[in-house]
Structures are given as C-alpha cells and as structure tokens.
Amino acid sequence: MDMKKNLPSATVKIVTVKAEKTEEIYKTFPVNIQNHLAGSLKKESLPERVAAWETAGDILKIYGGDLSEVKFDGGKPYMVPVSPSISHSGGLAAAAVSKKNIGIDIQIERDCDYKKLAERMKFSKVNSLPSFFAEWVKYESAYKIDPDKKDQKFIIKKFVYDNKTFYLSIAGDFKEEEINIVFPQGTEIIG
C-alpha cells in the first residue's frame, strides 16, 4: 500500500443503506471480503455490512489502498499501515480508515430496558436511555481495538437522521480535529 501524504489521521463516513444494490455490490468485492461476509451469522444485516465495506473501500482508495489488502484475525479486520473499522445500525452503515488504530460503532436509539442491560454490562454511569447508548457505542468501539477495552479515548457524536436518533463512537488516540467525519446529507448533529 502506497500511503498518500497530507491526509487526515482518520476518515469516518456514514452512508444510508440501499438494500436493493446489495448483491450487485457484493459481487464487486475481492474474495477476502466476500468470504468474510459469507460467514455472517445474521443474514438480515448483510445489506448494512455490504454498505459498510463498500464505504471502507471508497475511503481506502483515498489513503492509497484497496479492500483486497484487508486481512482478518478472528473476524477483526486489519491492514498495514492503516486500520479499518466498520459498523451498522438502523439503515446506516459506517466505515473508518485511520493511520492509527481505530474502532467505530454506530447505534440507533431504541426503546429497551436500559437499566437491566446497563447492569448486565456493568455500565456504572448509566441513568437514562441516552446515557446507555452513549456507553454502549463506547464499549463496542473500544472492543474493536482491544477486547480488554483498556485506556481508550473516545469521540462521541449524537445525531438525528431521517427522524431517528443515532450515536457514533470513535475509539482511538485522536483529537477531534484530526478526524474527517462525513455524515449523510440532512443529518443534524445534536451532541
């Protein structure tokens, strides 16, 4: 991979999922990505996962790489010299590529027994549905870097798209100004 100069430390892009294009897009992926997706346990999330990988491929091109260079270790994607991460929820897909280790997670806010879930997950700072989802995306994004989730820094964004509230967490050693975050058109950032 020939890393291009003068790029942001990380690029995160969120896109809407177009399920009707899933098969067409899937067929364009290199074998390593097709094999990874074929092993998916949740077939209903395949359109979101395909959209996330397509977006990761678009970002990788900017950094001088392509999807054929992605390797997997226990299902976790990795590359040298960049780090990819993907996530999806509620009809949105997100991808990140970074010069440093990065983990991202996106989650739609939905009704749930957040107190019970917070207790099970040992989230001590949770006192509301929004605080639960903020902790959840932090947990998930940190896990994508290090399953032990030690000493991570986070950038959290709460936003509304298509009248739905979402949370985005970016885990890694970043300052916010080092990251280029691209939201879908019509997104309102609320926190």
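Be aware that the sequence shown starts at 7, since it is given in the working numbering, and climbs by one per residue. Even glycine gets a Cβ: it sits at the ideal position worked out from N, Cα and C.
Cβ distance (whole Å) where residue i is taken to contact residue j below 8 Å
i: D111; j: V88; result: That pair is no contact at about 19 Å.
Any chain C beta carbon closer than 8 Å to residue i
i: K19; result: Going by chain labels, chain C is absent from the structure shown, which holds only one protein chain.
Buried/exposed call for residue i, threshold 16 Cβ in 10 Å
i: Q158; result: buried
i: A25; result: exposed
i: G109; result: buried
i: I176; result: buried
Limits of the unbroken alpha helix (DSSP H) element including residue i
i: F138; result: L135 to I151
i: D154; result: Element bounds for D154: n/a, residue is neither H nor E.
i: I39; result: V37 to A44
i: F196; result: Correcting the residue type first, residue 196 is Ile in the shown sequence and not Phe. Segment: none, I196 is in no alpha helix (DSSP H) and carries neither H nor E.
Residue i: first and last residue of the uninterrupted beta strand (DSSP E) it sits in
i: Y120; result: Per DSSP, Y120 belongs to no beta strand (DSSP E); it is in the alpha helix (DSSP H), Y120 to M127.
i: L52; result: Unbroken run through L52 is the alpha helix (DSSP H), L52 to I68; no beta strand (DSSP E).
i: I185; result: I185 to V188
i: I114; result: G109 to I114
Residue i vs residue j beta-carbon contact at 8 Å
i: P190; j: V21; result: yes
i: Y173; j: A140; result: yes
i: A99; j: A58; result: yes
i: G197; j: K164; result: yes
i: Q113; j: S137; result: no
i: T17; j: I65; result: yes
* Asked: Between the stretch 64–73 and the stretch 129–136, do at least 3 Cβ pairs fall closer than 8 Å?
  -> Under the Cβ criterion (8 Å, minimum of three pairs), the stretch 64–73 does not count as touching the stretch 129–136.
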